[in-house]
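Working notes for the structure below.
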Amino acid sequence: MKKLVIKDLHVEVENKEILKGVNLEINEHEMVALLGPNGHGKSTLFAAIMGNPHYKVTSGSIFYNDVDVLSLTVDERSKLGLFLAFQNPYEIPGVVSADFYKSALNARSDTKVSLYKFYKQLENACAEVKIPFEMVNRMLNEGFSGGEKKRNEILQMILLNPSLAMLDEIDSGLDVDAINVVSEQIRKQFETQNTSFLVISHYARLFTLIKPTKAYVMINGRIVKEGNEELISKIDKDGYEWIGEELGISVEKEDTAMNKVSIGVCGTKEAIKKANK
Amino acid sequence: MDKKEIFEIFENKDFDKSSFKNSQIIIKENSVVELNLKPTEEEICVDLEVEKYASFKLVILNEKSLKNFKITANLHSNSEFYIYFADFSLNNLDVETTINLVGDYASSKVEFASLVKNEDKKKFVVNFEHIGKNTSSDFKGFGVVQNKGNLVARGDSHITKPSVKSSASQLIKVILFDKESKSTGYPILRIDCDDIKANHGCAIGTVNPDHIFYLLSRGLNLNEARKLITAGYLLPIAENFKENEKNTIEEIVERSI
């Protein structure tokens, strides 16, 4: 049985502990929502599961299908059936999207996928997510709009057909029509391919469309509550403060310190002017 | 220096590749000439005249021998001169092209893609002198540097005062695969005329670990991910080559990384 089991997971980034003992389980063919305030560790959990080297697992375990995920390289985790749809997919200049998809498909097969089969597969996937087929000849995510990038993540999910897909705010930056397209594909993947899902979103609209049956709430780097669609509705209506009060914990506020190098040219001029006054 | 032999080329079939070593070549008026070179010599030095309404495309695949390549070209009105230089040689290389856009509406493009490794030093210098009106130049340089290699790319486009309505473009993109490798880019524009269009850009950097993670997360191993990124820098130039040479370039890129 393909099951994800995470026990007492601790993860730190640049010596700061973000996850402080996460316990979580996802069964085969299960649609799960992961909720929580901004900056409380949801994306960190995804990054740790997928093996992002910026994130250091200091203790705990992740098993998928009884395989120790933490002992695998990133590509091995992908081949095991794990998939991460990025919140901000990277633009990679020089890498043609179609070449990348073909390499990804070939990587998980003993024999190279035939060119004809690949193009048919790609053509169908493009049609499913309503991306013009010509876009596959463009550089990977380069110059794509926010919505196109998100659809491109779903396109890759369809092509790679994972057994567990983690979707990190797949609905952010999507208009209503695009949310409908994306959620339809998530449901289709769930129903026809038995893919399990762990989905982060801040909006109930997506959850209404993809119908998760289980929900976890992450606060202060821990899973503090488990429930079902009723829990999602309550959070949509009342936020997270009540959970803090109920459990007697204070909900940490997101660190909003400005990026030191985020200042633009005009901003720089203004800052210099002020400093000279 | 010995006196150069002069070759006058009227059309494609007149071209004897062996003449393209140390010579003066004239592409005659209205001729359309394409030359595909796989140099077997260490040095090539050519003075070129492209007469009016003539077009000359020079496609070079340097796999091993060439160490010194120098070309000086005068382009007359409405003529075109393109150089596509794919370099995978395992030695030092010095390339210098000087293209004088003398006649009105003359246009030129120089594009190179170079793989530098094993402590080799390679230098590409591309000079354009815009003299005629409505002239255009385009320089694109792509490089992949690894194993303590060193790549210098210098574009110098000078738009002189009479060269109104001309345009110049330069782009240098180099990726470094290790901390010991080096690259320097000089996208230089010198503009003495008001009514022109010009742009230039230069990006030199190491492989972004976030990009690698993204590719790995789809099942590619590290070697495949690096190969894909490298191909993005070195393969696009293959579009300008004949089919069998395209395959050769793909094979070289495949086995080089």
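Read top to bottom, the protein sequences are chains A and B.
Be aware that the first sequence starts at 1, since it is given in this note's numbering, and climbs by one per residue.
Be aware that the second sequence starts at 1001, since it is given in this note's numbering, and climbs by one per residue.
For each residue, glycine too, the CB sits at the ideal point set by N, CA and C.
Checklist entry - Does DSSP put D110 of chain A in a helix, in a strand, or in coil? => result Note: D110 of chain A maps to coil in three-state DSSP.
Checklist entry - For Y64 of chain A, which residues does DSSP report across the bridge? => result A:L4 and A:V67.
Checklist entry - If we call anything under 8 Å between Cβ atoms a contact, is V1079 of chain B one with T1040 of chain B? => result Per the sequence shown, residue 1079 of chain B should be read as Ser rather than Val. At least 8 Å separates the beta-carbon of S1079 of chain B from that of T1040 of chain B.
Next on the checklist: With a threshold of 8 Å between beta-carbons, can N1319 of chain B be considered close to chain A, or not?
Outcome noted: The structure shown does not extend to residue 1319 of chain B, since chain B is modelled only from 1001 through 1257, so no value can be given for it.
Item to check | P1209 of chain B (DSSP reduced to helix, strand or coil) | outcome: DSSP places P1209 of chain B in helix when its eight states are reduced to three.
Item to check | 6 Å Cβ shell around Y1186 of chain B - same chain, five flanking residues per side excluded | outcome: Taken in chain order, the residues that qualify are R1154.
Checklist entry - With 16 as the cutoff for other CB atoms within 10 Å, does L1222 of chain B come out buried or exposed? => result Within a 10 Å sphere around the beta-carbon of L1222 of chain B sit fewer than 16 other beta-carbons, which makes this residue exposed.
Next on the checklist: Could you check whether the region 154-168 of chain A touches the region 190-201 of chain A, counting it as contact only if at least three pairs of C-beta atoms, one from each stretch, sit closer than 8 Å?
Outcome noted: Taking 8 Å as the limit for Cβ pairs, the verdict is that the region 190-201 of chain A does touch the region 154-168 of chain A.
Next on the checklist: Rounding to the nearest angstrom, what Cα-Cα distance links S1183 of chain B and L1176 of chain B in this structure?
Outcome noted: Distance between the alpha carbons of S1183 of chain B and L1176 of chain B: 8 Å.
Item to check | Nearest neighbour of I210 of chain A, chosen from A:R187, A:N220 and A:T192 [CA to CA] | outcome: Proximity to I210 of chain A across A:R187, A:N220 and A:T192 peaks at A:R187, based on C-alpha coordinates.
Checklist entry - Is it true that the CB of D1192 of chain B sits closer than 8 Å to the CB of K1161 of chain B? => result With respect to D1192 of chain B, K1161 of chain B sits close: the two C-beta atoms are nearer than 8 Å.
Checklist entry - Which whole runs of the alpha helix (DSSP H) in the region 25-96 of chain A are 4 residues long or more, in chain order? => result List check, alpha helix (DSSP H) in window: 42-50 and 74-80.
Next on the checklist: Between which two residues does the beta strand (DSSP E) holding S1023 of chain B run?
Outcome noted: From DSSP, the beta strand (DSSP E) with S1023 of chain B extends over N1022 to I1027.
Checklist entry - What do you get for R151 of chain A, buried or exposed, if any count of 16 or more other CB atoms within 10 angstroms of its CB means buried? => result By the neighbour-count rule (16 or more Cβ atoms within 10 Å), R151 of chain A is buried.
Checklist entry - Which parts of the region 1052-1080 of chain B are runs of the beta strand (DSSP E), unbroken and 3 residues or longer, counting only runs that do not cross its ends? => result 1055-1062 and 1068-1075, all fully within the region 1052-1080 of chain B.
Next on the checklist: On the CB-based measure, 16 or more other CB atoms within 10 Å of its CB, does T58 of chain A come out buried or exposed?
Outcome noted: Classification for T58 of chain A: exposed.
Checklist entry - Does any residue of chain B bring its CB to less than 8 Å from the CB of S163 of chain A? => result No, S163 of chain A does not count as interfacial toward chain B.
Checklist entry - What residue range is occupied by the uninterrupted beta strand (DSSP E) comprising Q969 of chain B? => result In the structure displayed, chain B extends from 1001 to 1257; residue 969 of chain B sits before or after that span and is not available.
Checklist entry - Closer than 8 Å, CB to CB, is D1178 of chain B near chain A or not? => result The C-beta of D1178 of chain B comes no closer than 8 Å to any C-beta of chain A.
Checklist entry - How about R1218 of chain B: is its C-beta nearer than 8 Å to some C-beta of chain A? => result With 8 Å as the cut-off, R1218 of chain B counts as an interface residue toward chain A.
Checklist entry - How should Y296 of chain A be labelled, buried or exposed, when 16 other C-beta atoms within 10 angstroms of its C-beta is the threshold for buried? => result With chain A represented from 1 up to 277, any question about residue 296 of chain A goes unanswered, as that position is not in the structure.
Checklist entry - Taking F133 of chain A as the reference, which of A:E230, A:K16 and A:Q121 has the closest Cα? => result Among A:E230, A:K16 and A:Q121, the Cα nearest to that of F133 of chain A is on A:Q121.
Next on the checklist: Assuming the contact rule is C-beta atoms closer than 8 Å, K2 of chain A and G81 of chain A should be a hit. Round their C-beta distance to whole Å, please.
Outcome noted: With 8 Å as the limit, K2 of chain A and G81 of chain A qualify as a contact, their Cβ atoms being about 7 Å apart.
Next on the checklist: Against E1111 of chain B, what residues of chain A qualify as contacts under a CB-to-CB distance less than 8 Å, listed in chain order?
Outcome noted: For E1111 of chain B, no chain A residue has a C-beta closer than 8 Å to its own C-beta; the minimum C-beta separation is roughly 14 Å.
Next on the checklist: Assuming G151 of chain A is part of the alpha helix (DSSP H), what are its boundary residues?
Outcome noted: Checking the sequence, you will find Arg at residue 151 of chain A rather than Gly. Here the alpha helix (DSSP H) through R151 of chain A covers G146 to L160.
Item to check | Within chain A, partners of V1143 of chain B - CB distance below 8 Å | outcome: The question names Val, but residue 1143 of chain B in the sequence shown is Gly. Here the premise fails: no neighbours, minimum Cβ distance about 12 Å.
Item to check | Local Cβ density within 10 Å of E1239 of chain B, reported as buried at 16 or more and exposed below that | outcome: Counting Cβ neighbours within 10 Å, E1239 of chain B comes out exposed, since fewer than 16 surround it.
Checklist entry - How about S262 of chain A: is its C-beta nearer than 8 Å to some C-beta of chain B? => result Reliability of the predicted coordinates at S262 of chain A is poor, the pLDDT of 41 falling under 50, and the value obtained from them is presented with this limitation in mind. Taking Cβ atoms only, chain B never reaches closer than 8 Å to S262 of chain A, which makes this a no.
Checklist entry - What residues from chain A crowd round D1210 of chain B, counting only those whose CB sits closer than 7 Å? => result The answer, in chain order, is Y90.
Next on the checklist: Assuming contact is defined by CB atoms lying nearer than 8 Å, are I49 of chain A and V22 of chain A in contact in what I supplied?
Outcome noted: Note that the C-beta distance between I49 of chain A and V22 of chain A is not below 8 Å.
Item to check | Any alpha helix (DSSP H) of 4 or more consecutive residues that is wholly inside the region 201-254 of chain A | outcome: Listed in chain order, they are 204-210, 229-238 and 241-247.
Next on the checklist: Counting beta carbon pairs with one atom in the region 1199-1212 of chain B and one in the region 1097-1116 of chain B, are three or more of them shorter than 8 Å?
Outcome noted: Inter-segment contact for the region 1097-1116 of chain B and the region 1199-1212 of chain B is absent: fewer than three beta-carbon pairs are separated by less than 8 Å.
Next on the checklist: When you compare the CB of G1185 of chain B with every CB in chain A, is at least one pair closer than 8 Å?
Outcome noted: Answer no: the Cβ-Cβ gap between G1185 of chain B and chain A never drops below 8 Å.
Item to check | Short Cβ contact (8 Å threshold) for I1131 of chain B with S1163 of chain B | outcome: The criterion of a C-beta distance shorter than 8 Å is satisfied by I1131 of chain B and S1163 of chain B.
Checklist entry - chain B partners of K79 of chain A, CB-CB under 7 Å? => result Those within 7 Å of K79 of chain A in chain B are G1219.
Checklist entry - Of all the options A:E246, A:V182 and A:S43, which has the alpha carbon lying nearest to the alpha carbon of I131 of chain A? => result Minimum Cα distance to I131 of chain A is reached at A:V182.
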